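*Asks:*
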Amino acid sequence: MNLQPVNSSNINAIGYDPDTQTLTVEFKSGGTYEYYDVPESEFEGLRTSSSHGQYFQNNIRGRYRYARL
9 MNLQPVNSSN
19 INAIGYDPDT
29 QTLTVEFKSG
39 GTYEYYDVPE
49 SEFEGLRTSS
59 SHGQYFQNNI
69 RGRYRYARL
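Following the working numbering, the numbering of the sequence shown begins with 9 at its first residue and continues without gaps.
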């Protein structure tokens with residue numbers, strides 16, 4: 009999966025696999041996480057948000073299963 013760089017104070021890059029509905033988030037702190045069963049609409053919301061970190065906090069963190077890579 010190719011990660012797309014984003015302009016954020018907390019997030020380096022994001023990526024999405026529509027076949028598995030897996031969102032990958034690479035944080036500036038160094039951790040990379042996969043979030044599972046994330047609808048593509050959530051990825052699009054994150055990708056197009058004016059504040060990627062705020063969108064992530066409000067819509068993804070704590071709502072989807074995840075694993076650190």
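Backbone N, C-alpha and C fix where the C-beta goes; we use that ideal spot for every residue, glycine too.
Just so it is clear, the structure is predicted and the values come from calculations on it, not from any experiment.
Within the same chain, show all residues whose beta-carbon is closer than 6 Å to that of residue 41, passing over the 5 residues directly before and after it, in chain order.
*Replies:* Answer for residue 41: 33, 74, 76, listed in chain order.
*Asks:* Whose C-beta lies closer than 7 Å to the C-beta of residue 26 among residues of the same chain, with five residues either side of it excluded?
*Replies:* Result list for residue 26: 48, in chain order.
*Asks:* Quick one: what's got a C-beta closer than 6 Å to residue 31's C-beta in the same chain, skipping five residues either side?
*Replies:* Around residue 31: 24, 43, 46, 51.
*Asks:* Tell me, please, which residues DSSP counts as bridged to residue 31.
*Replies:* Residue 31 is bridged to 24, 43.
*Asks:* What is the rounded straight-line gap between the Cα of residue 9 and the Cα of residue 20?
*Replies:* One C-alpha to the other measures close to 15 Å.
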